[in-house]
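The sequence shown runs 48 to 1055 under our numbering. Written below as structure tokens is the structure these notes are about.
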Amino acid sequence: MTNDNPRSISHILKNMLRPGTPDPPSPPPAEGETNVAGQALPQFTDIEISKIEMLSVRQEVGRLSNYPPPEYWDDWIEWDAKSWPKKVARRYTLVPTVCFNCESACGLLAYVDKNSLEIKKFEGNPAHPGSRGRNCAKGPATHNQIYDPERILYPLKRVGERGEGKWKRITWEEALSEIGGKMRESRLKRRDGIMYHVGRPGEDHFTNRVIQAWGVDGHNSHTNICSSGARMGLFITGAFDRPSPDHTNARTILLISSHLETGHYFNPHAQRIIEGKMKGAKLITFDPRLSNTASMSDVWLPTWPGSEASVLLAIANYLIANNLYDKEFVRRWVNWKDTLQAVKDGRLQPFYQALREEIEESEPTFELFDRLLKDLYADFSFDRAAEESQVPVERIRETAEYVANCDGKLATHTWRSASIGNLGGWQIARALFLLNILTGSVGTPGGTSANSWNKFVPKPFDSPPPGTAWNELHLPHEWPFAFFEMSFLLPHFLEEGRGEIDVYFTRVYNPMWINPDGFMWLKALRDEEKIKCHVALTPTWNESAWFADYVLPMGLAGERHDLMSQETHSGQWIAYRQPVRRVAMERLGRPVEFTYQANPGEVWEENEWWIQLSATMDPDGELGIRQHFESPDRPGEIITNDEYYKWIFENSVPGLPEAAAAEGLEPLAYMKKYGAFEVTRENYQPYEKAIAKDGLQADEHGRLLDDGKAVGVLIDGEAKTGVNTPSRKFEFFSPTLYEWGWTERDYTIPWPLKSHVHPDNIDRAQGEMLLLPNFRLPTLIHTRSANAKWLYEISHKNPVWIHPQDAARLGVDTGDLIRVETEIGYFVDKVWVTEGIKPGVIAMSHHLGRWRLQEGMGINPGMCNVATLEDDGEGMHKLNIISGARSWKTFDPDTSRIWWEEVGVHQNLTHAVHPDPVSGAHCWLQKAVSVRKAGPDEKYGDVWVDTNRSMAVYREWVAMTRSAVDYSPDGLRRPFWLKRPLKPVKEAYKLPDEPFGRPKTDKLVTAD
Ligand code: SF4
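Below, the structure is given as structure tokens:
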């Protein structure tokens, strides 16, 4: 069977979507049994197969898993299940790749039929050190996504009005030349006109290198609606922005996350949490919702959202007051001398006046610091924590005892959940990590490491120089600590006239759907003056792509090249994502020049697209861009994927060349064969490593300087690496926050901040409630699951969770409609009455409620509503559901078997934006100003929003910021040591002469 056969999977996929061309006649239906694509099954003769010993992996919990041994991966034979009881052999080539359905980067093994090149299934890759052969439900569902009958198979260009739904198919050459031309034009004019807005990166730094090569400040990310809160709290303490808990070896595991780490590293963490539990670890979960993880926990604390820091500091107080903390670790590794100095010079006030005077008059000693800690946190009693969190005091005490008994093995994790939910959520992450510090569980076996200690990102062959520009639409002056770009406010910034965009790329990102205040996004995406050209790089249709000028189909897992690493445990590894049909073709002796020649239709991959686009943008090298895309092996020629990764694997990954040589392979061939490599098995306490370099000078703070830059620290007279904070130690008191205007104790040390949904701000007596809108289901993937039928069959509704007490008060029962009114609008959804949610709180999963505007094109009919959008031109917007999900006929018989209609409600449209004044994170929790039974005219899925209110609430939150214009101590836009993707040169950090909305102030000083 060849790819030209009308019944071949490739032929079918190439012809599923042909905008602008008439549909070809359908091939006659296959007779007898068919595969998923409706093809006749390939016929094989019975063959004799000898028994093969499977590769057995014994897991720590005692289970044994079997996998095909790698020496058979090139030619693996299995009986065709559908032909049973007849033994029909199918021959596969097994190609390792990497899942792309969350950021965990688990290994997958694709079973590619050697005869038809159909991908039969995805299973786990046993050679992958992070996932160790295991996946969650979303990994194998990659198969659904690849064979999704509604997927976009060709580059499309808008031919009607934006959002009208009229498209024509174009070639990749046309897309390159038209978009590359617009980028060149913009780059010749300015360096802040091109914006790459990424939802799911799914790779480590390939695209960042590309943007840097363009010489623009063009990186924008979704981080501010995801993890900025946690990142800020961790970074200000230890100069790392993600925690890496060693769950397997922990004695106590404390999660402020949701459902077995669905907040981030789901499968790799979940399997290690279970390992830890099997070895006796105690599991503690803070969550107002009874998630599956909470139900499996030794202690569940259904805290009132925003009270978590108070509970954590009560535990800290218990450790401190009872001398149960690791004083030796704190003495060595915390900036306690700086903290005492802050007391001396009045930057930090103890409560007890005599202690302040004693510190002022004495030499700094650790004993004084110990007393200061006892003074600062003395009021954080268990009773106070119980009252604020509305959790029984015994559970808080029990948690404190488990933490105290952790023996340096406290694994903690927070990602989304409370840290991104609340005003001041960053202090929750900071308070949580304080427990690691107090128990000495930092980077220890069973403790919590920094992401950078457990993630390995190799250097490429060439690194373009840092940029020289600063895009005000990314990081405006009001949020000097933002982690990272203030991306969810882009439409509000555009509305205010802060700028406009020449070429706007959305990449695996659906901003109108996933961000709060989606009607503001709709307005921005429709405005061709503000967003002049919108290019959606996406593997699947989404609501925002509908409003693009170009829709470019990009590969899913198994259809693209990427390199990834994640901090899944105490080691370091890299994983190599590959387009599996391309690899299969190459193994069969059929070389492929570009990946779109091997993928369904003309689905491409970003790597090759970016390389070709960059070369198109700068054909003669005049802009200095092209040189970064020339092959290191063939001077003057454009680089290939193989050349790019070959260089990395040969030069940048310690141990890989040797491991490959031991198998008689080149490093690239090794990675193509196994798809992953373990760089370091364990990397504990790297801050304790001695500095190899001699002759370094110590400054008055004990920091070791190399050419004026702190590279280490003296600890008890020994030169240690330390961490990347200014002090090279973990910073309890933050001089940086103080210097930049956040001078109160509430900010300079770990302290609870009053959330916008604090009980004082929710008048329950008047019927107000707290809407918790940001928990994930473990089977769905933000907005990208609507092309995965298996996942949607499991989860397709997002009812409002409501406690029986509240349900009785409102007179509703499971299945009834309620109307939930937020600060800017309302939605109507069904309720699920359950004791699994705290009274006073209602909760909704954030994945569901997808919609499309047109029958016959867009998101799968079985996974979305058909909706109408209306607005009155005065700021009043409506979304109404015309019809729900339905079955439909395609080559896939399963699409005729859709049995559900309800696919959820799009609640995010009704969420006001809440940018935290410090971290910049969108504080997801919403005040439901009224919750009541829906009226007779209110229908399931109705959404109404007033964008005048949207802007008013936005301005209320902007008013809470402390702008760099007023507080920068050095004339820079943000502290230079803070992380920022694609950090430009220091010159670019200088505040502009006339910052948006502000006159030039006398306070500005020139940066050195
Ligand atoms: S946790 Fe699941 S979705 Fe995430 S990478 Fe692993 S298999 Fe894929």
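Quick reminder that beta carbons are idealized off the backbone N, C-alpha and C, glycines included.
### Task
May I ask you to report which of helix, strand or coil DSSP gives His924?
strand
### Query
At which residues does the alpha helix (DSSP H) containing His460 begin and terminate?
Not the alpha helix (DSSP H): His460 falls in the beta strand (DSSP E), residues Leu457 to Thr461.
### Query
Can we count Asn182 as close to the ligand SF4, meaning its CB is less than 7 Å from some heavy atom?
yes
### Query
Going by other Cβ atoms of all chains shown within 10 Å of its Cβ, with 16 needed for buried, is Asn995 buried or exposed?
exposed
#### Entry: Stretch-stretch touch, CB-based, cutoff 8 Å, three pairs: the segment 265 to 282 with the segment 524 to 537
yes
### Query
Can you list, in chain order, the residues of its chain whose CB lies under 7 Å from that of Gly494, leaving out five sequence neighbours each side?
Asp293, Gly455, Lys456, Leu457, Ala458, Asn483 and Ser488
### Message
DSSP has Met611 in a bridge; who is on the other side?
### Response
Ala622
### Message
Just to confirm, is the Cβ distance from Gly1018 to Lys1033 under 8 Å?
### Response
no
### Query
What residue ranges within the segment 417 to 474 form continuous alpha helix (DSSP H) runs of no fewer than 4 residues, ordered along the chain?
429 to 436, 440 to 451 and 464 to 468
### Sheet register partners of Ser268 (DSSP bridge)
Val245
### Task
Just confirm the distance between the C-beta atoms of His524 and Pro1042, as a whole number of angstroms; I'd bet it's less than 8 Å.
5 Å
### Query
Hey, out of Glu705, Pro626, Ala723 and Ala583, whose CA is closest to Lys204's CA?
Ala583
### Message
Assuming the contact rule is C-beta atoms closer than 8 Å, Lys885 and His924 should be a hit. Round their C-beta distance to whole Å, please.
### Response
The Cβ separation is near 31 Å, so there is no contact.
### Query
Can you name the start and end residues of the alpha helix (DSSP H) that Met664 belongs to?
Glu653 to Met664
### Message
With DSSP as the reference, identify every bridge partner of Met343, one or two as the case may be.
### Response
Its beta-bridge partners do not exist; DSSP assigns none.
### Query
What is the DSSP secondary structure of Leu522, counted as helix, strand or coil?
coil
### Start and end residues, alpha helix (DSSP H) containing Val358
Glu355 to Ala368
### Query
Does the segment 797 to 816 touch the segment 462 to 473, meaning 3 or more C-beta pairs lie closer than 8 Å?
yes
### Query
Cβ of Ala152 versus every heavy atom of the ligand SF4: is any distance shorter than 7 Å?
yes
### Query
Anyone know if the C-beta pair for Gly951 and Gly896 falls short of 8 Å?
yes
### Task
With DSSP as the reference, label Ser699 as helix, strand or coil.
coil
### Task
Please classify Asp939: does DSSP put it in a helix, a strand, or coil?
coil
#### Entry: Given Tyr158 as reference, the closest of Lys329, Ser151, Thr189 and Lys134 once Cα atoms are compared
Thr189
### Query
Quick one: is His524 near chain B, going by C-beta distance under 8 Å?
Looking at the structure shown, chain B is missing, and only one protein chain is on hand.
### Query
Hey, is Phe169 close to the ligand SF4, as in C-beta under 7 Å from one of its heavy atoms?
no
#### Entry: Heavy atom of the ligand SF4 within 7 Å of Cys149 beta-carbon
yes
### Test item: CB-CB of Asp160 and Lys167 under 8 Å
yes
### Message
When you compare the CB positions of Asp392 and Pro782, do they come within less than 8 Å of one another, or not?
### Response
no
### Message
Out of Thr881, Leu900, Pro115 and Asn927, which one is the CA nearest neighbour of Phe874?
### Response
Asn927
### Task
Go to Ala855, then tell me how far its beta strand (DSSP E) extends in each direction, as first and last residue.
Per DSSP, Ala855 belongs to no beta strand (DSSP E); it is in the alpha helix (DSSP H), Pro851 to Leu857.
### Message
Counting C-beta neighbours from all protein chains within 10 Å, is the total for Pro983 16 or more, i.e. buried, or is it exposed?
### Response
exposed
### Query
Comparing alpha-carbon positions, which option in Leu761, Glu725, Tyr734 and Phe724 lies nearest Gly742?
Leu761
### Task
Count the other CB atoms, across all protein chains shown, that sit within 10 Å of the CB of Thr915; report buried if there are 16 or more and exposed otherwise.
exposed
#### Entry: Gly228 versus Ala1006 - alpha carbon distance
40 Å
### Message
For Thr218, count the other beta carbons within 10 Å of its own beta carbon; 16 or more makes it buried, fewer makes it exposed. Which is it?
### Response
exposed
### Message
Taking 8 Å as the cut-off, does the segment 354 to 366 touch the segment 429 to 445 (at least 3 CB pairs, one atom from each stretch)?
### Response
yes
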